[in-house]
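Input: a single structure, listed below in structure tokens.
Numbering (the numbering used here), first residue to last: 20 to 347.
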């Protein structure tokens, strides 16, 4: 008698088909992933390759040490093992080399000797006294045989974090290493005509670092001052001038340029720099600080000017030598 087999239900059949479909989809996905992946096969290096590379197997060194701690490692093994690159952290103390700290301009400047103005400081605050000093300087400019007369120029004014920059308080004028004039302008309602004539004279060059900022500041505080004319015709910034002559590129502060050219440290004490410049009279520290700024500005210009003349002499000598060589 034949046994009648039970037919699977439709639900069981569908479940089986879905399971087979999922397995096939998984296999296809795995095949795609294997196709896109990169297979890396690592094989042990042969003795010939290791010998050519002159690299000792670290396991060999370890084996020598494990066999006998007191046993000496063969010379060839030790010599090759010393050539292995090791992390500095794991080196013995006697083999570690001192790490050099990066060069710092601040540290370099701190080691320099200070520069101070040692000449006579002529400090005035009265309108007539300011005018008389400027008249005398104008006469010197007119009688000078030089085509251009450099003047170390700088300004000081009070500053507050609440109210910002105050009115121009002090103007520093230095035409020589012997005398520096400090004109206290804070109480003046307008500038003396002789001061305007001096700063805008066709033969005068106001020299300093970021000198144009000071000229614009004076223009904002005293409307009669011809700032645009002075900026266009009478300002010579020592920073760009030094870049051209010395083949440098950078933005200079008075402190950094002094260290680079004069090998000196200029005092930039914040207590004096941010002091109350509008209060009359100024202290000895304030006078010396202000006079030194204008004096150093003049020295920087003269130093760059001297180097420019030397460069020109060298170029002329090289041109003459080249011409002579061609003639021969």
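Yeah, the Cβ is synthetic: ideal placement off N, Cα and C, and Gly gets one too.
- Cβ atoms of residue 285 and residue 134 come within 8 Å of each other, at about 6 Å.
- With a cutoff of 9 Å on beta-carbon distance, residue 255 and residue 246 are scored as not near each other.
- With fewer than 16 neighbouring CB atoms inside 10 Å of its own CB, residue 272 falls in the exposed class.
- Within the stretch 197–229, the complete alpha helix (DSSP H) runs of at least 4 residues fall at 212–218.
- Residue 288 carries a coil assignment under DSSP once its states are collapsed to helix, strand and coil.
- In the displayed model, residue 188 falls within coil according to three-state DSSP, outside both helix and strand.
- For residue 140, the enclosing beta strand (DSSP E) stretches over residues 139–143.
- Here the alpha carbons of residue 211 and residue 149 stand approximately 7 Å from one another.
- Between the stretch 306–325 and the stretch 214–223 there are fewer than three inter-stretch CB-CB distances shorter than 8 Å, so the stretches are not counted as touching.
- Residue 227 holds the alpha-carbon nearest to the alpha-carbon of residue 250 among 275, 227, 184, 145.
- For residue 214, the CB contacts under 8 Å within the same chain, skipping 5 residues up- and downstream, are 149, 150, 153, 190, 202 in chain order.
- Per DSSP, residue 258 is not a residue of any beta strand (DSSP E); the alpha helix (DSSP H) it occupies stretches across 257–265.
- Where residue 174 is concerned, the enclosing beta strand (DSSP E) starts and stops at 168–175.
- Sequence-distant Cβ neighbours of residue 157 in its own chain, meaning closer than 8 Å and more than five residues away, are 213, 216, 217, 220.
- Distance between residue 329 and residue 323, taken at the CA atoms: about 10 Å.
- With a threshold of 16 other beta carbon atoms within 10 Å, residue 181 falls short and is exposed.
- In the DSSP assignment, the residues bridged to residue 133 are 284.
- Around the CB of residue 194, 16 or more other CB atoms lie within 10 Å, so the residue is classed as buried.
- The beta carbons of residue 167 and residue 187 sit no closer together than 9 Å.
- Comparing alpha-carbon positions, the option among 319, 336, 160, 137 lying closest to residue 259 turns out to be 319.
- Between residue 326 and the set 264, 224, 155, the nearest pair of CA atoms involves 264.
- For residue 141, the closest C-alpha among the options 280, 340, 192, 206 is that of 192.
- Boundaries of the alpha helix (DSSP H) harbouring residue 330: 303–346, taken from the DSSP string.
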